[in-house]
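Chains as they are written, first to last, in full-length UniProt numbering: chain A, 1 to 315; chain B, 1 to 62; chain C, 1 to 313. Where is the CB? At the ideal position from N, CA and C, for every residue including glycine. Structure first, commentary second.
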Amino acid sequence: MSDTPIDRVARATPIPVARRIRGFSDRTIAWIFVAPTIFLLLAINIFPLIWTINLSFTDFRANRPNREVEYIGLENYRRILTDGDIWLTMQATAHFLFWTIALQVLIGFTLAWLINRKFRGNDLWTTLIVLPMMLSPAVVGNFWTFLYQPQIGLFNYVVEFFSGIPASSFQMIGDVRLAPWSIVIVDTWMWSPFVMLICLAGLRSIPDYIYEAAEIDRASKWRQFWTITVPMVLPFLMLAVLFRGIENFKMFDLVVELTGGGPGSVTEVTSINLKREAFEKWRTGYASAYAIILFVTVFGLASIYVKALNKVKER
Amino acid sequence: MSDFVRDFLRLRRGPWEMLASLLIGLGVLMLMQPFALWAFTWSFLTTLAGTVMFIVVSHFPE
Amino acid sequence: MSGYSITEPSARQKWIAGTLVILYAVITLLPLAWILMTGFKSSADSISYPPKVLFEPSLEGYVNLFTTRTRQTPEYLASLPPAETWYDELVRSKDMVIAGPSRYGERFLNSVIIGFGSTFLSIFLGTLAAYAFSRFKVPLKDDLLFFILSTRMMPPIAVAIPIFLMYRSLGLSDTHLGMILLYTAVNISLAVWLLKGFIDEIPREYEEAALIDGYTRFQAFRKVVLPQAATGIASTAIFCLIFAWNEYAFAVLLTSGTAQTAPPFIPTIIGVGGQDWPAVAAGASLFLLPVMIFTILLRKHLLRGITFGAVRK
């Protein structure tokens with residue numbers, strides 16, 4: 001590190017000359033380069049965060065800025081964490097999280113495995129499959145409400161075509177039992193390619209010689225799959241699952257445009273619930289405490305995610 | 001296993017990070033489980049403890 | 001590798017795998033194809049049962065997307081001078097007249113301004129920071145990098161409460177500048193992490209040679225590192241652009257009029273009696289197509305982008 005030619009030259013040169021040659025010192029440059037980014041993040045992320053923590057101990061309401069603000073200690077937290085309705089919201093989120101991740105892992109891994117059979121044109125098809133995940137979730141969610149229309153929607157028509165259940169007899173979005181599945185389907189449609197891409201990278205990182213050695217040992221294909229393929233792909237899969245978990249825990253745009261949290265509140269995932277508290281009921285202090293709870297959860301998951309990220313990076 | 005315990009006692013990063021991760025995971029499960037309200041109530045403290053612990057122990061030596 | 005290899009799948013396996021993947025691709029692309037098709041349907045065709053695959057193309061959706069119209073009596077329509085343009089004629093054939101342009105153009109333009117503005121800023125700041133993280137010993141480097149990444153993980157709604165208050169008191173709500181700064185803050189973590197990966201791959205020897213030739217660090221950075229990192233910078237920029245383009249939560253909470261972008265606007269397009277699906281589809285098509293094209297351009301770097309540069313393939 002410190003024994004590059006330039007360092008040797010630098011050490012041998014008197015300081016004023018060195019400065020003329022090299023301009024600022026490396027340390028100064030490092031700070032000049034990093035400071036704007038840190039400053040921006042402090043101003044737009046950290047300062048608001050501290051403000052939120054502060055607000056979470058008050059009964060402030062943003063729609064009545066002139067009302068006297070009272071500090072009520074941990075009351076907001078106590079209320080949220082004993083509230084059965086918020087608990088139900090968490091369960092709606094859990095249903096969404098569990099099924100999207102399960103389906104995406106299943107579909108994503110299968111697709112990656114198939115694509116790794118290296119058939120002709122697999123690159124082209126991979127690129128096409130990936131398209132949905134880069135699109136705007138809000139715009140896509142809004143359009144899926146059209147596909148889910150009972151009489152005229154494509155989705156219901158396709159279901160009728162294959163199963164014989166009349167297209168006008170069920171409403172994906174309007175039905176209390178089906179609505180949680182309607183968001184699972186759209187999210188799975190959008191994000192299975194994400195899991196696929198990461199699994200594909202995992203599969204491609206397995207060197208051929210491991211399989212060749214297994215073949216010499218006469219291990220069956222089935223055994224090879226469970227003792228070589230799965231363990232080698234697992235860190236990559238963990239990465240995908242954690243990332244989808246974090247993203248879907250804070251899911252907002254897709255679900256807002258698709259179901260708006262309804263019917264009733266069966267698809268009211270936490271972000272929508274929080275939005276209602278903060279920007280419709282204007283219970284700002286209460287919503288701030290709620291935000292901090294979500295924030296800490298995501299932050300905890302994010303630290304595990306970064307650990308997983310570094311693990312994959314070492315490969 | 002004995003390595004794990006030894007590294008744990010010598011305040012090494014690996015096992016402690018594992019423990020913190022488990023605590024965070026437990027907190028998240030408690031937050032979203034449909035079985036008991038008391039677990040939901042205490043989930044936040046569990047996650048918070050895990051997260052703070054993670055930040056601290058990630059500075060332990062390897 | 002020549003000859004027979006035991007790890008190479010058999011021809012039959014390849015054929016089966018290929019068929020299944022293509023089948024999945026067709027199913028998964030169907031909704032997208034449906035959006036593009038619906039944009040060219042007439043209102044009647046768009047809501048027919050069973051859904052129409054073959055239809056007479058019409059530009060009604062696109063005309064409705066860009067105009068606001070009022071319904072008129074046949075007598076009034078007969079009293080008007082003959083229609084001057086094809087779109088006037090199209091609208092009049094539905095017993096309506098054009099009242100003026102719609103908001104879609106403005107919203108789309110807002111998306112472009114905010115998208116490009118924030119992308120430029122994130123890339124500018126991100127490149128500098130990434131270079132420093134890649135080349136220098138920055139104190140607390142790992143903590144700073146984790147801090148930068150963690151800001152991206154934050155739930156937008158949770159951050160939105162104080163930002164809403166802050167912007168209200170600074171007069172930044174519903175302004176282009178406010179949204180550009182906000183999206184820059186969201187994107188900069190991705191920019192730093194991705195660009196650090198790209199710059200890490202450029203051998204240090206190039207710069208060291210330049211430094212010995214009498215370049216200063218700044219010059220070496222500008223004339224040696226930047227050109228080498230051009231591809232990386234370009235693909236990072238496209239990623240930032242796509243994320244800013246797609247963002248919805250902040251846009252819907254913090255903008256209402258002047259700086260509103262297209263994603264919160266498109267779902268509000270309504271016609272007479274219910275949503276005007278061809279117009280919505282037309283708006284969505286115009287909005288989604290650039291992203292599809294960019295995705296295809298990015299395909300080599302997609303994996304890097306979605307894993308913050310950790311998986312390089």
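- request: Please work out which residues of its chain come closer than 6 Å, Cβ to Cβ, to Tyr71 of chain A, disregarding the five sequence neighbours upstream and downstream, and give them in chain order.
  value: Phe57, Thr58
field: Beta-carbon contacts of Ala112 of chain A that lie in its chain and below 7 Å, excluding the five residues immediately before and after
entry: Met196, Cys199, Leu200, Leu203.
task: Determine the DSSP secondary structure at Ile207 of chain A, reduced to helix, strand or coil.
output: The sequence shown places Pro at residue 207 of chain A, rather than the Ile named in the question. Reduced to three states, the DSSP call for Pro207 of chain A is coil.
query: According to the Cβ coordinates, are Arg312 of chain C and Asp26 of chain A closer than 8 Å?
result: no
- request: Please name the residue or residues paired with Pro101 of chain C in a DSSP beta bridge.
  value: C:Thr67
- request: Answer with buried or exposed for Asn66 of chain A, where buried requires no fewer than 16 other C-beta atoms within 10 angstroms of its C-beta.
  value: exposed
Closer than 9 Å at the beta carbon, the chain C residues around Pro132 of chain A: Thr28, Leu29, Pro31, Leu32
message: Counting only beta-carbon separations shorter than 8 Å, does Tyr49 of chain C have a partner in chain A?
response: yes
- prompt: Rounded C-beta distance between Ile114 of chain C and Asn142 of chain A? I'm assuming under 8 Å.
  reply: Contact flag wrong, Cβ pair sits at about 20 Å.
query: From what residue to what residue does the alpha helix (DSSP H) around Tyr157 of chain A run?
result: 154–163
message: Nearest by alpha-carbon distance to Gly257 of chain C: which of C:Tyr104, C:Val97, C:Leu65 is it?
response: C:Tyr104
- prompt: Beta-carbon separation of Tyr305 of chain A and Leu254 of chain A under 8 Å?
  reply: no
field: Beta-carbon proximity list for Leu298 of chain C, same chain, < 8 Å, skipping 5 on both sides
entry: Ser235, Ile238, Phe239, Gly305
- prompt: Going by C-alpha distance, which of B:Phe35, B:Gly14, B:Asp7, B:Pro15 is nearest Gly84 of chain A?
  reply: B:Phe35
- prompt: For Leu90 of chain C versus Leu65 of chain C, is the C-beta spacing smaller than 8 Å?
  reply: no
task: Closer than 8 Å, Cβ to Cβ, to anything on chain A: give me those residues from the segment 139–152 of chain C, in chain order.
output: Leu144, Phe146, Phe147, Ile148, Leu149, Ser150, Thr151
message: Taking 6 Å as the limit between beta carbons, can you name the residues of its chain near Gly309 of chain C, skipping five residues before and five after?
response: Trp193, Leu194, Gly197
message: Please return the same chain residues whose Cβ sits closer than 8 Å to the Cβ of Lys250 of chain A, not counting the five positions on each side in sequence.
response: Thr270, Ser271, Leu294, Val298
- prompt: Pick from A:Met232, A:Gln104, A:Ser192, A:Asn156: whose alpha carbon is nearest that of Tyr211 of chain A?
  reply: The candidate whose alpha carbon is nearest that of Tyr211 of chain A is A:Met232.
- prompt: In angstroms, rounded to a whole number, what distance separates the CA positions of Leu29 of chain B and Val184 of chain A?
  reply: 20 Å
query: Quick one: what's Thr216 of chain A bridged to in DSSP?
result: According to the sequence shown, residue 216 of chain A is Ile rather than Thr. Ile216 of chain A pairs with nothing; no bridge assigned.
- prompt: Span of the alpha helix (DSSP H) holding Gln104 of chain A?
  reply: Looking at the DSSP string, the run of the alpha helix (DSSP H) that includes Gln104 of chain A is 84–115.
- prompt: Between residue 65 of chain B and Leu22 of chain B, what straight-line distance do the alpha-carbon atoms span, to the nearest angstrom?
  reply: Lying outside 1 to 62, the shown extent of chain B, residue 65 of chain B is not represented and no answer is given.
message: Beta carbons nearer than 7 Å to chain A: which residues of the segment 35–48 of chain B have them?
response: Leu37, Phe40, Thr41, Phe44, Thr47, Leu48
task: Tell whether a beta-carbon distance below 8 Å holds between Leu125 of chain C and Pro36 of chain A.
output: yes
- prompt: Using the beta-carbon of each residue, which ones in chain C are nearer than 9 Å to Val312 of chain A?
  reply: Thr307, Ala310, Val311
Interface partners of Val186 of chain A on chain B, CB under 9 Å: Within chain B, not a single residue places a beta-carbon under 9 Å from that of Val186 of chain A; the smallest gap is close to 21 Å.
task: For Arg107 of chain C, count neighbouring Cβ atoms within 10 angstroms of its own Cβ and tell me buried if that reaches 16, exposed if not.
output: Counting Cβ neighbours within 10 Å, Arg107 of chain C comes out buried, since at least 16 surround it.
query: Residues of chain C with CB under 8 Å from Trp189 of chain A, in chain order?
result: Thr28, Pro31
task: Measuring only between beta-carbons, confirm whether Phe287 of chain C sits less than 8 Å from chain A.
output: At a cut-off of 8 Å between C-beta atoms, Phe287 of chain C counts as an interface residue with respect to chain A.
field: Distance CB(Val21 of chain C)-CB(Ile115 of chain A) smaller than 8 Å
entry: Yes, the Cβ-Cβ distance between Val21 of chain C and Ile115 of chain A is below 8 Å.
message: Would Ser288 of chain A and Thr82 of chain A qualify as a contact pair, given that the criterion is a beta-carbon distance under 8 Å?
response: no
message: Along the chain, where does the alpha helix (DSSP H) containing Phe8 of chain B start, and where does it finish?
response: 2–9
query: Can you tell me the Cα-Cα spacing of Arg218 of chain A and Gln224 of chain A, whole angstroms?
result: 10 Å
Coarse secondary structure for Ile270 of chain C, derived from DSSP in three states: strand
message: Looking at the secondary structure, which residues open and close the alpha helix (DSSP H) in which Phe39 of chain A lies?
response: 26–41
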